[in-house]
Every structure is written in structure tokens, then in C-alpha cells.
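Residue numbers (this note's numbering), protein chains in the order written: chain V, 12 to 349; chain F, 26 to 274.
Just so you know, even glycine gets a beta-carbon here, dropped at the ideal spot from N, CA and C.
The next block holds one structure in the form of C-alpha cells; read it before the comments.
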Amino acid sequence: MSNLVNRAKSIAGNQQALLLLVLIAMIAFFTSRNSIFFSNAVFGNIISDWAPIVLIAIGETFVIISGGIDLSVGSTVAISGVVAAFSMRSLTEHGHGSTQTLIVGFFVSVATGILVGAINAFLITKTNVVPFIATLVTMGAGSGLAIVFTGGGPIGGGPDAAIQLSVPKVGPFSYPGLAIVALVIVLGFFLHKARFGRYIYAIGSNEFAARAAGINTKAYLAKIYILSGALAGMAGYYYYLRLGCGAPTSGLGGELQAIAAVVIGGAALSGGEGRISGTVLGALILTTVTSGLIIINVAANWKQVVVAILIAAAVLLQEARAKGSSSKLLSNLFKKKN
Amino acid sequence: MTQPLYEVRDVSKSYGSVIALSGVSLKIHAGEVIGLVGDNGAGKSTLVKVLSGAHQPSEGTVILEGTERKWNSPHDALVAGVETLYQDSGLAPHLSVSANVFLGRERYVKGLLGKLGFLAQKEMDRVAHENLDRVGIAVPQSNRSVSQLSGGQRQAVAIGRAVSWASKVIILDEPTNHLGARQAGEVLSVIKAAKERGLGVIFISHTLPHVLQVTDRIVVLRLGKIVADAPTSTFDAESLLGTITGLID
Chain V
12 MSNLVNRAKS
22 IAGNQQALLL
32 LVLIAMIAFF
42 TSRNSIFFSN
52 AVFGNIISDW
62 APIVLIAIGE
72 TFVIISGGID
82 LSVGSTVAIS
92 GVVAAFSMRS
102 LTEHGHGSTQ
112 TLIVGFFVSV
122 ATGILVGAIN
132 AFLITKTNVV
142 PFIATLVTMG
152 AGSGLAIVFT
162 GGGPIGGGPD
172 AAIQLSVPKV
182 GPFSYPGLAI
192 VALVIVLGFF
202 LHKARFGRYI
212 YAIGSNEFAA
222 RAAGINTKAY
232 LAKIYILSGA
242 LAGMAGYYYY
252 LRLGCGAPTS
262 GLGGELQAIA
272 AVVIGGAALS
282 GGEGRISGTV
292 LGALILTTVT
302 SGLIIINVAA
312 NWKQVVVAIL
322 IAAAVLLQEA
332 RAKGSSSKLL
342 SNLFKKKN
Chain F
26 MTQPLYEVRD
36 VSKSYGSVIA
46 LSGVSLKIHA
56 GEVIGLVGDN
66 GAGKSTLVKV
76 LSGAHQPSEG
86 TVILEGTERK
96 WNSPHDALVA
106 GVETLYQDSG
116 LAPHLSVSAN
126 VFLGRERYVK
136 GLLGKLGFLA
146 QKEMDRVAHE
156 NLDRVGIAVP
166 QSNRSVSQLS
176 GGQRQAVAIG
186 RAVSWASKVI
196 ILDEPTNHLG
206 ARQAGEVLSV
216 IKAAKERGLG
226 VIFISHTLPH
236 VLQVTDRIVV
246 LRLGKIVADA
256 PTSTFDAESL
266 LGTITGLID
């Protein structure tokens, strides 16, 4: 029994170490099957895939810790990329320089994301629609509008410099990729070391207790859905840079990848639990699997099966952790009585 | 006679056509423990909500230290020094003991980071431990997550938090529910310690022996009205039960 307790304990304390181990094992496995995998080119590709996923997954982490869910992030990526593409095409046609155009495009993309987030926030905190339904509504509306606006095709005609920005410059990282890493670190500090994060955990853990402690829970919930929207807007812009155009299919299924990354990272959908580092590693594992399977010539659809297994493993681990803490509690009680 | 610490005067509360409280007046003095008892539906919860600021009375006034107050939220009352421990509302289990003790009252690091809301966690861990210790609650480590504590320890932390922050009045709604005899005993000694510190304690409970053991005065509610308000020494278990159920008038 004490052996089991100890094992559960070490797992509970080291979710991140475990994820890192899984990641290293995957890299070793893919490299052993095809040595090309272990190269700057492939890592660059993995990081390029990872960057937009981690952006929306971080937003999803905040939302899931608060006990909610945001299904709209994938659609928000699409709609914000498309709206930014239209604005950048128009600016380019009017003879504006590429730097200026790219900066405006960034803000248009983020503003579009914020708008979607604000609609989610309004539905959830003002009309009391549950997050699942509220974000299902904006998810449908967002992806529908993205297709209606574009007629289904990509919107190009923006500055040519865009695509240059997405080329890896520092190891496997492009400059936007580095900016995303920096942003993730800053958000990590706000989640784990500051009042903002503390209150989000409190809301996800026990909303009544949070309100009784004087926390304006609705204001905090509104902020995190807006944050999630803003991050999805950034991801939409990132896809624009990568593709050199705004495609209504960018970010398709992104919400499920984000949720998968968060769950693999150790967060609980019931709220109150989760860490930025877990989500970062979860997203990295997802994108490593995707690239790895392609490189070792496994049919791309196997990826979904592998991801499903990873999610199942993460959930089972969570179960074990919950049991671990309760048996630890039991052993403590016995110790005291004797 | 000294001025009461906390008082409600002629308070009535109705929800639509349902009258939950009618013409209730209640006084509590500093260093006094009053027991609030009554059957289910007698109006105890409603009175607690009025006292704690969760609900506003339909009629009547709430007076703290001689000044009429109007609570718009429990937070208003809390800031004024009236702390409430709600039945089963308790704590955020995923947060640490100290995070729970300081929830809504966090301390921040100095300088710019503090302005951005960065928390002085070590300081809060230490002070939380000191505060709980001061009110007579022993909790192993204040950086442990509440979900790792036993039911009794959780309740102790919840009470410790409320008592350590309360500067005037502490309202305890069924604090000994679901507790074993030893833990209930600890809760009762925390109540006594709070009384010694000069707080006014309002103790709501169904467990009449606890009420008889720890209170100075007992207020009995029945069907939204106060039917008895007398020193605890004038009751015994039988007469108290009789007053609650209406067998004795």
C-alpha cells in the first residue's frame, strides 16, 4: 500500500517531468525510425506548428482552469486571419508600405479575436449562457462567416514580406515564434504568481467561495474569454504569416487540439487545476506526433488515434492522482491516531 | 447598558408572497456568543443572509456599532468587520491553505510587480499560519492544498479564516456539521477564544448540546418570528427543544 502511495505521489508531483519524458521518448522513437527527424528543419517545422496551437491552448488553459470551455478558438483563428488578410490587401492596394501594413494587420487580427472573446464574455456573464453553448454559437458563426466572407478560398494580396517573417531565425524559432514563447512565459507568471491567476483558480475550484471572498467572478470570467479570443486572434495572424494569405480553413479543429493539449498537460475539465508548463508540453507532444508520423511514413490519420491514446492516458493519470491524494490522506490520519 | 455591537431592528423579509422573517429584532454585544436556533424553515438562513449582507431586508434596519448600515453584498459587511462562515460553502479545495485564508485579501510584493498583482506568497504562507495558530487552529503546513486535508481540518481552516479576519462580528452557520466529537470540541473552543478576543459571535446550529455548551444567550426562531430570547442558563435541553418545536410557549 505504501509503495502504491509513493508511486502515486511521485506521479502527482511530476506531471511535467512525465510529459518531458514522453516527449523525449517520442523524439528518440521517431529518430530511430528515420534519422532525418533529428534535424533543425524538422524541429523548425514542429515549432512552427506548435506556435499557433500553444497560443490558443494557453487561452484554453485559463478558461479550463476557471471551470469553463472555449469551443470558438479554432473559428476565431480563421475569422481573424481572414479579416486581417482583407485589411492588409486593401492597405497594400492603396500603396502602404509592408511594415506598416503588417503592424495594422496584427492589430486588426487581435481586435477581431477580442471581439469574438467579448461576445463569448457577454453571453456567459451577462445572459448566463453556459460556456459550452455560448462558445458553440460563436464557433459556428465564426467559421461560417469566414467562409462567407472569402467564398471559401484564401485571401492573398498582402505584403510579400509576411512569409519571410515565419522563417526560422534562432535555432528552430522564427521571430514571431520567439515572441510567442516570451508571451507564454509572461502569461505563465500571471497565472501562477499573480492575483489574476489566483482568482481564476479560485473561481474554477469553488465559485461560491470566490464570490463570498469578494471576488468579482464575472469580471474575471469576462477577462479570460477576451484573453482567449485575443490569443486566437494572434494565432490567426501567425497563420497569415506562415501561409502569406488568410485562409478560412486555418485553425480548423484548433479548439480540439487546444483542449487536447490542455488535458494532456494535466488540467481537469472540472476546473481548478492545470499549469502553463503542462499545456506547453502537451502542445509540443501533439505537434511532434504530427510531424513524426509523417516522417516515418505512417498514414496521417493515425495521428488522431495516437492523440486519443495520449488523452486517455492523461485522464487515467489524473484519476490515479486523485486516488493518490486520498490514500495519502488516509495514511496521514492513521499516523496521527497512533 | 452598553451599546450593542451589532443589531437588527424590526427586520422583515419576504420572497414574493412568502414571508420568511417578520419583525425580527436582535442584539449582540462584544464578547457575547449568541445561539440562533430554530426548526427548518424557521427563518434562520434568511436571518443569516440579512446579517451577513447577502440579502437586504424588505423592512427594518441593520445597525453596526450604533450606525445604520446597508450592505449591498457580503463583501460590504466583510470590509466592515462582519465575517460569515457559510454552511458548506467553505474553501477552494484546489488552493493552498494560505491562499484560502488570504482569498480576496492577498498581499503583494513591493514595487511595480506588486502593482501588477504579483503575490507575496511566502509572507502569506507565514502569516496564514500565524493567524490560524492565534485563533487556536493547528494546521500542518499552510502551503498544502486544501484537498489534501481531512474534512475536520478543512472546516477548521474555514473557521480559522473567518475568525482571524473578523474584527467585530463572526457569524458561524452550522460550523459543527459533519464533524466528529473531537473536532466539534475544537470548534467550540475556537468560539470561546473568539469571545475572549471581544468578538460578537452568532452561532447557528441544530446540535442543541453544542449551543447549550458554548453560548451566553439563545434566540429561538419559529415561523419567521423570534419566540424566545433569553440567557442560556434559563434553558435545558428539554425546554429548548420544546421552544423550538412550539410545544412550550
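- prompt: Just to confirm, are V:Phe117 and F:Gly142 a CB contact at a threshold of 8 Å?
  reply: As a position in the first sequence, residue 117 of chain V is number 106, starting the count at 1. As a position in the second sequence, residue 142 of chain F is number 117, starting the count at 1. In this structure, F:Gly142 does not lie closer than 8 Å to V:Phe117 by Cβ.
field: Pairwise C-alpha distance: F:Val126 and F:Leu110
entry: Indexing the second sequence from 1 puts residue 110 of chain F at position 85. Indexing the second sequence from 1 puts residue 126 of chain F at position 101. If I take the Cα positions, the gap works out to 12 Å.
- prompt: Which residues, taken in chain order from the region 186 to 216 of chain V, show a beta carbon closer than 8 Å to some beta carbon of chain F?
  reply: Phe200, Phe201, Lys204, Ala205, Arg206, Phe207, Arg209, Tyr212, Ala213, Gly215 and Ser216
message: Taking its Cβ as the centre, do 16 or more other Cβ atoms sit within 10 Å of F:Arg179, making it buried, or is it exposed?
response: Locating residue 179 of chain F in the second sequence gives position 154, counting from the first residue. Label assigned to F:Arg179: buried.
- prompt: Which residues share a DSSP beta bridge with F:Thr86?
  reply: Residue numbering aside, residue 86 of chain F sits at position 61 when the second sequence is read from its first letter. Beta-bridge pairing by DSSP links F:Thr86 to F:Arg34.
message: 8 Å is my cut-off, CB to CB: does V:Ile226 come that close to chain F?
response: To locate residue 226 of chain V, count along the first sequence from 1; it is residue 215. It does: the Cβ of V:Ile226 has a partner Cβ on chain F nearer than 8 Å.
V:Ile114 burial status per 10 Å Cβ neighbour count (16 or more: buried): To locate residue 114 of chain V, count along the first sequence from 1; it is residue 103. It is exposed - the Cβ of V:Ile114 has fewer than 16 other Cβ atoms within 10 Å.
query: Along chain F, in chain order, which residues have C-beta atoms closer than 9 Å to that of V:Gly70?
result: The residue you call residue 70 of chain V lines up with position 59 of the first sequence. What V:Gly70 touches in chain F: nothing, since even the nearest Cβ is about 19 Å away.
message: At a CB distance below 8 Å, what residues from the region 248 to 273 of chain F approach chain V? Give them in sequence order.
response: Those residues of the region 248 to 273 of chain F that come within reach of chain V (Cβ to Cβ, closer than 8 Å) do not exist; the list is empty.
Contact the region 116 to 125 of chain F vs the region 210 to 221 of chain V: 3+ CB pairs below 8 Å: yes
task: Kindly say whether V:Gly293, judged by its beta-carbon, lies nearer than 8 Å to any beta-carbon of chain F.
output: Taking the first sequence and counting its residues from 1, the one referred to as residue 293 of chain V is at position 282. No, because no Cβ of chain F sits closer than 8 Å to the Cβ of V:Gly293.
query: CA-CA distance, V:Ala132 and V:Tyr231?
result: Start at 1 with the first residue of the first sequence, and residue 132 of chain V comes out as number 121. Start at 1 with the first residue of the first sequence, and residue 231 of chain V comes out as number 220. Each residue's alpha carbon lies about 10 Å from the other.
- prompt: Less than 8 Å separating the beta-carbons of V:Leu176 and V:Leu252?
  reply: One-based indexing of the first sequence puts residue 176 of chain V at position 165. One-based indexing of the first sequence puts residue 252 of chain V at position 241. Going by C-beta atoms, V:Leu176 is nearer than 8 Å to V:Leu252.
- request: Could you please give me the residues that DSSP links to F:Ala253 through a beta bridge?
  value: Here the question's residue 253 of chain F lines up with position 228 in the second sequence. Under DSSP, F:Ala253 forms a beta bridge with F:Val245.
- prompt: Which residues of chain F have a Cβ atom closer than 7 Å to the Cβ of V:Glu284, listed in chain order?
  reply: Here residue 284 of chain V refers to the residue found at position 273 when the first sequence is read from its first residue. Those within 7 Å of V:Glu284 in chain F are His119.
- request: Could you tell me whether any Cβ in chain V is nearer than 8 Å to the Cβ of F:Glu93?
  value: The residue you call residue 93 of chain F lines up with position 68 of the second sequence. For F:Glu93, the answer is no, since every Cβ of chain V falls outside 8 Å of its Cβ.
Among F:Val49, F:Thr27, F:Leu237 and F:Leu30, nearest to F:Thr259 - alpha-carbon criterion: Translated into positions along the second sequence, residue 259 of chain F becomes position 234. Among F:Val49, F:Thr27, F:Leu237 and F:Leu30, the Cα nearest to that of F:Thr259 is on F:Leu237.
query: Thinking C-alpha only, which one of V:Ala325, V:Ala331, V:Trp313 and V:Gly303 is nearest V:Phe49?
result: By one-based count along the first sequence, residue 49 of chain V stands at place 38. The shortest Cα separation from V:Phe49 among V:Ala325, V:Ala331, V:Trp313 and V:Gly303 belongs to V:Gly303.
- prompt: Apart from the five residues just before and just after F:Pro99, which ones in its own chain have a Cβ nearer than 7 Å to its Cβ?
  reply: To locate residue 99 of chain F, count along the second sequence from 1; it is residue 74. Correct list, in chain order: Ser77, Gly78, Ala79 and Thr109.
- prompt: Beta carbon of V:Leu134, beta carbon of V:Val148: below 8 Å?
  reply: Residue 134 of chain V sits at position 123 when you count from the first residue of the first sequence. Residue 148 of chain V sits at position 137 when you count from the first residue of the first sequence. Yes; because the gap between Cβ atoms is below 8 Å, this pair is in contact.
- request: Report yes or no: is there a C-beta of chain F within less than 8 Å of the C-beta of V:Ala223?
  value: On the first sequence, position 212 is the one that residue 223 of chain V refers to. So, interface residue.
query: Roughly how many whole angstroms lie between the Cα atoms of F:Arg169 and F:Val152?
result: Numbered from its first residue, the second sequence carries residue 169 of chain F at position 144. Numbered from its first residue, the second sequence carries residue 152 of chain F at position 127. Rounded to whole angstroms, F:Arg169 to F:Val152 spans 14 Å at the Cα level.
message: Please return the same chain residues whose Cβ sits closer than 6 Å to the Cβ of F:Ser192, not counting the five positions on each side in sequence.
response: For the purposes of this step, residue 192 of chain F is taken as the residue at position 167 of the second sequence. Cβ within range, chain order: Gly106.
message: So, does the region 218 to 229 of chain F touch the region 51 to 68 of chain F, judging by three or more C-beta pairs under 8 Å?
response: Counting Cβ pairs under 8 Å, three or more are found: they touch.
- request: Within 10 angstroms of the Cβ of F:Trp96, are there 16 or more other Cβ atoms? Answer buried if so, exposed if not.
  value: The count along the second sequence starts at 1 and reaches residue 96 of chain F at position 71. Residue burial annotation: F:Trp96 is buried, with at least 16 other C-beta atoms found within 10 angstroms of its C-beta.
message: Please classify F:Gly68 as buried or exposed, where buried requires at least 16 neighbouring CB atoms within 10 angstroms.
response: As a working mapping, residue 68 of chain F is identified with position 43 in the second sequence. Under this definition F:Gly68 is a buried residue.
field: Cβ of F:Ala124 within 8 Å of any chain V Cβ
entry: Along the second sequence, read from residue 1 onward, the residue named residue 124 of chain F stands at position 99. So, interface residue.
- prompt: Since F:Leu116 contacts V:Ala220 with CB under 8 Å, what's their CB separation in whole angstroms?
  reply: Here residue 116 of chain F is taken as the residue at index 91 of the second sequence, counted from 1. Here residue 220 of chain V is taken as the residue at index 209 of the first sequence, counted from 1. Correct: roughly 6 Å between the Cβ atoms.
message: Please give me, in chain order, every unbroken run of the beta strand (DSSP E) with length at least 3 that falls completely inside the region 26 to 81 of chain F.
response: 31 to 40, 43 to 53 and 58 to 63
query: Secondary structure at V:Val309, three-state DSSP: helix, strand or coil?
result: Position 298 of the first sequence holds residue 309 of chain V. Coil at V:Val309, not helix or strand.
query: Counting only beta-carbon atoms, is F:Ser37 nearer than 8 Å to chain V?
result: To locate residue 37 of chain F, count along the second sequence from 1; it is residue 12. Interface residue (Cβ-Cβ distance to chain V less than 8 Å): F:Ser37 is not classified as such.
Member of V:Ala243, V:Arg209, V:Ala28 and V:Leu242 whose CA lies at the smallest distance from the CA of V:Asn227: Sequence index remark: in the first sequence, residue 227 of chain V carries index 216 (1-based). Comparing Cα positions, the closest option is V:Arg209.
- prompt: Just how far apart, CA to CA, sit V:Ser46 and F:Glu148?
  reply: One-based indexing of the first sequence puts residue 46 of chain V at position 35. One-based indexing of the second sequence puts residue 148 of chain F at position 123. About 51 Å.
field: chain F residues whose Cβ lies nearer than 7 Å to that of V:Ala129
entry: Numbered from its first residue, the first sequence carries residue 129 of chain V at position 118. The contacting residues do not exist; V:Ala129 stays about 22 Å from chain F at best.
task: Provide the residue span of the beta strand (DSSP E) that contains F:Glu93, from first to last.
output: Position 68 of the second sequence, counting from 1, holds the residue named residue 93 of chain F. Looking at the DSSP string, the run of the beta strand (DSSP E) that includes F:Glu93 is Thr92 to Arg94.
DSSP state of V:Ala278 mapped onto helix, strand, coil: On the first sequence, residue 278 of chain V is found 267 positions in, with the first residue counted as 1. Reduced to three states, the DSSP call for V:Ala278 is coil.
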